[in-house]
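Down below is the structure, laid out as structure tokens.
As structure tokens, then:
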């Protein structure tokens, strides 16, 4: 029997569908749509955060150069980001369900690791790991992040940060596994097992995914008084004044600003991920310290995402994002000084700071997008913003490798710190569309509502 619901329209024309509980819609609490995405995100995290620990062995086993390895990482990052927007459009049109997206993601992710386990041919590696692995991880990432935002429109910050964090610290066991046990003689078996692990875990989680109806809003939260002081989360981060299509979101100017900001800080973050281990080794630290520093980046990166998601509910998304990017800038300069002076404890400390600043911005963008443009088209709108990684992936991988070769680590880290500062300045110009500087709604005509 279908559960009754009512549609509430606010003064700006935005529609809220109220009355159905998660139990009515999918037979279980919406908490499932936090923990299942979190588990799936941890499973595919090995792609991005485990690569730096595995690429040395792959170079030895397959005869690849450093540039080969990091261009492979760049191609992966490009396709991981590129799939978000088209997949989002297909989901919003009802052509592809969240479950189908996750199952395809599981298969492609597994194929990504199987390909580099069994062949050193660069064409096969670029197609298997770079293209298919990137598409697989991108489908999982985008589907998981959007799922949380749709089920928690009233308090998405902490939960989105928690799920997003799994994409970082989920790789911790693999960093130590690769750094300590991966060899040219056993890498095929180990990488096969990693591929199988992703295939099974992501596939099982994906089978239980389900989207809420469009405009769904939790019945216990009155959307018409949501931004009053009674609800601190929504008072600091008011809902979008209406549902923006991708074209409308672009025309506000805020989506392009988010995109450019993410290009800049995304490149800085990927540079840190890809070169942390190599810089530690070049600074005279042993293999264990190098692996430990990379693990620190992944651990604090993940914890920082959850912490900043929670903090953004209290302080506001924009304010938290600016703070995170300033921390990321300081971290680049601190890491450089520590490495160049051979100060072990300082190096480890700034490895933690790099981890915090180098990933916590992702859930900020993931929550800012629905806060600014609404939930109905979030898969597409966030897909557009996340496509910035298409560009940052190139600069944080292959281009960064060329910069390190030409300028050394000193030049590369100075450039990274300056770019992080630039991204922090850019966030100061962000403003929620349809609201004035004080956060009050401006007069803005609502689009005509289609009658179904």
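Residue numbers (this note's numbering): 3 to 454.
Using N, Cα and C, we set each Cβ at its ideal position, and we do this for glycine too.
(request) From the DSSP output, in three-state form, read off residue 205 for me. (result) Within the chain shown, numbered from 1, the residue matching residue 205 stands at position 203. The answer is helix: DSSP assigns residue 205 an H, G or I state.
(request) Apply the 10 Å Cβ neighbour rule to residue 6 and answer buried if 16 or more other Cβ atoms are within range, or exposed otherwise. (result) In the chain shown, the residue the question calls residue 6 occupies position 4. Exposed, because fewer than 16 other Cβ atoms sit within 10 Å of the Cβ of residue 6.
(message) With a threshold of 6 angstroms on Cβ separation, who are the neighbours of residue 122 within its own chain once the five nearest residues in sequence on each side are excluded?
(response) If you number the chain shown from 1, residue 122 lands on position 120. Contacts found: 64.
(request) Leaving out five residues on either side along the sequence, give the residues of the same chain with a beta carbon under 6 angstroms from the beta carbon of residue 454. (result) Against the chain shown, residue 454 aligns to sequence position 452. Its pLDDT being 37, under 50, residue 454 is placed unreliably in this model, and the value from its coordinates should be taken loosely. Contacts found: none.
(request) Could you tell me which uninterrupted alpha helix (DSSP H) segments, each at least 4 residues in length, are contained entirely in the segment 42 to 111, listed from first to last along the chain? (result) 48 to 51, 53 to 64, 68 to 84 and 86 to 94
(message) Ignoring anything shorter than 4 residues, give me the alpha helix (DSSP H) runs that lie fully in the segment 120 to 193, in order along the chain.
(response) 124 to 127, 136 to 153, 158 to 171 and 174 to 183
(message) Between the segment 86 to 94 and the segment 415 to 432, can you find at least three pairs of beta-carbon atoms closer than 8 angstroms?
(response) no
(message) Within a Cβ cutoff of 8 angstroms, which residues of the same chain sit near residue 335, ignoring the five residues on either side of it in sequence?
(response) Along the chain shown, read from residue 1 onward, the residue named residue 335 stands at position 333. Correct list, in chain order: 415, 416 and 419.
(message) Let me check one thing: in DSSP terms, what residues is residue 218 bridge-paired to?
(response) The residue given as residue 218 occupies position 216 in the chain shown. According to DSSP, which records beta bridges pairwise, residue 218 is partnered with 19.
(request) Let me know the secondary structure DSSP gives residue 451 once reduced to three states. (result) The sequence position of residue 451 within the chain shown is 449, counting from 1. At residue 451, the pLDDT of 45 sits below 50, so the modelled position is not reliable and the matter cannot be decided from this model.
(message) In this structure, how does DSSP classify residue 7 when only helix, strand and coil are distinguished?
(response) Within the chain shown, residue 7 is the residue found at index 5, counting from 1. If DSSP states are grouped into helix, strand and coil, residue 7 belongs with coil.
(message) Restricting to Cα atoms, I'd like to know which of 21, 261 and 135 is closest to residue 432.
(response) Taking the first residue of the chain shown as 1, we reach residue 432 at position 430. Measuring from the Cα of residue 432, the nearest candidate turns out to be 261.
(request) Express the C-alpha separation of residue 281 and residue 344 in angstroms, rounding to a whole number. (result) The count along the chain shown starts at 1 and reaches residue 344 at position 342. The count along the chain shown starts at 1 and reaches residue 281 at position 279. Going by the C-alpha atoms only, they are around 11 angstroms apart.
(request) Can you give me the Cβ contacts of residue 247 inside the same chain, cut-off strictly under 7 angstroms, excluding the 5 residues immediately before and after it? (result) What you label residue 247 is simply residue 245 of the chain shown in a count that begins at 1. Excluding residues within five positions, the ones whose Cβ falls inside 7 angstroms are 379.
(message) Would residue 47 and residue 395 be called neighbours here (beta carbons separated by less than 8 angstroms)?
(response) Walking along the chain shown from the start, residue 47 turns up at place 45. Walking along the chain shown from the start, residue 395 turns up at place 393. The answer is no: Cβ separation not under 8 angstroms.
(request) Please go through the same chain and pick out, in chain order, the residues whose beta-carbon is closer than 7 angstroms to the beta-carbon of residue 447, but skip the five residues on each side of it. (result) Mapped onto the chain shown, residue 447 falls at position 445. Low local confidence applies: a pLDDT of 48 at residue 447 is under 50, so the model's placement there is unreliable, with the coordinate-based value given in what follows. The answer is none, since no qualifying residue turns up.
(message) Less than 8 angstroms between the C-beta atoms of residue 331 and residue 360, yes or no?
(response) The residue labelled residue 331 in the question sits at position 329 within the chain shown. The residue labelled residue 360 in the question sits at position 358 within the chain shown. No, Cβ-Cβ distance for residue 331 and residue 360 is not below 8 angstroms.
(request) Using beta-carbon positions only, say whether residue 165 and residue 40 come within less than 8 angstroms of one another. (result) In the chain shown, the residue the question calls residue 165 occupies position 163. In the chain shown, the residue the question calls residue 40 occupies position 38. The answer is yes: Cβ separation under 8 angstroms.
(message) To the nearest angstrom, how far is the alpha carbon of residue 118 from that of residue 12?
(response) Numbered from 1 along the chain shown, position 116 holds the residue referred to as residue 118. Numbered from 1 along the chain shown, position 10 holds the residue referred to as residue 12. Whole-angstrom Cα-Cα distance: 53 angstroms.
(request) Determine the direct distance from the alpha carbon of residue 194 to that of residue 445, and round the result to whole angstroms. (result) As a position in the chain shown, residue 445 is number 443, starting the count at 1. As a position in the chain shown, residue 194 is number 192, starting the count at 1. At residue 445 the pLDDT is 48, less than 50, meaning the model places this residue with poor confidence and gives no usable figure here.
(request) Tell me whether the beta-carbon of residue 275 lies closer than 8 angstroms to the beta-carbon of residue 171. (result) As a working mapping, residue 275 is identified with position 273 in the chain shown. As a working mapping, residue 171 is identified with position 169 in the chain shown. Going by C-beta atoms, residue 275 is not nearer than 8 angstroms to residue 171.
(message) With a threshold of 7 angstroms on Cβ separation, who are the neighbours of residue 387 within its own chain once the five nearest residues in sequence on each side are excluded?
(response) As a working note, residue 387 is residue 385 in the chain shown. Cβ neighbours of residue 387 beyond the five flanking positions: 257, 260, 261, 264, 367 and 371.
(request) Return the chain-ordered list of same chain residues with a C-beta closer than 6 angstroms to the C-beta of residue 362, the five sequence neighbours on each side being excluded. (result) Position 360 of the chain shown, counted from the first residue, corresponds to residue 362. Excluding residues within five positions, the ones whose Cβ falls inside 6 angstroms are 306, 307, 310 and 326.
(request) Assess, as a yes-or-no matter, whether the segment 214 to 222 is touched by the segment 348 to 360 under the definition of 3 or more beta carbon pairs within less than 8 angstroms. (result) no
(request) Report buried or exposed for residue 22, applying the criterion of at least 16 other Cβ atoms within 10 angstroms of its Cβ. (result) Against the chain shown, residue 22 aligns to sequence position 20. Classification for residue 22: buried.
(request) Given a cut-off of 8 angstroms, decide if residue 107 and residue 138 are closer than it, judged by their beta-carbon atoms. (result) As a first step, residue 138 is located in the chain shown; it is residue number 136 there, counting from the start. As a first step, residue 107 is located in the chain shown; it is residue number 105 there, counting from the start. Result yes, Cβ atoms of residue 138 and residue 107 sit closer than 8 angstroms.
(request) Could you have a look at residue 241 and say whether DSSP puts it in helix, strand or coil? (result) Along the chain shown, one-based indexing puts residue 241 at 239. Note: residue 241 maps to coil in three-state DSSP.
(request) Provide the residue span of the alpha helix (DSSP H) that contains residue 325, from first to last. (result) To locate residue 325, count along the chain shown from 1; it is residue 323. From DSSP, the alpha helix (DSSP H) with residue 325 extends over 319 to 343.
(message) Please report the straight-line C-alpha distance between residue 458 and residue 321, rounded to a whole angstrom.
(response) The question about residue 458 has no answer here: the residues shown for the chain are numbered 3 through 454.
(request) Kindly list the residues whose CB is nearer than 7 angstroms to the CB of residue 101, restricted to its own chain and excluding five residues on each side of it in sequence; keep chain order. (result) Locating residue 101 in the chain shown gives position 99, where the first residue counts as 1. Closer than 7 angstroms at Cβ, skipping near neighbours: 208, 209 and 211.
(request) Tell me whether residue 307 sits in a helix, a strand or coil according to DSSP, three-state version. (result) Counted from its first residue, the chain shown places residue 307 at position 305. Note: residue 307 maps to helix in three-state DSSP.
(request) Go to residue 285, then tell me how far its alpha helix (DSSP H) extends in each direction, as first and last residue. (result) Counting from 1 along the chain shown, the entry for residue 285 is found at position 283. Here residue 285 belongs to no alpha helix (DSSP H), and DSSP marks it neither H nor E.
(message) With a threshold of 7 angstroms on Cβ separation, who are the neighbours of residue 226 within its own chain once the five nearest residues in sequence on each side are excluded?
(response) Taking the chain shown and counting its residues from 1, one reaches residue 226 at position 224. 10 and 12.
(message) According to DSSP, is residue 473 part of a helix, a strand, or is it coil?
(response) Outside the shown range of the chain, which is 3 to 454, sits residue 473, and nothing can be said about it.
(request) Counting only the same chain and skipping the five closest in sequence on each side, list residues whose C-beta sits under 6 angstroms from that of residue 452. (result) Taking the chain shown and counting its residues from 1, one reaches residue 452 at position 450. Caution applies to residue 452, whose pLDDT of 42 falls short of 50 and renders its modelled position unreliable; the value that the coordinates give is listed next. Result list for residue 452: empty, nothing under 6 angstroms.
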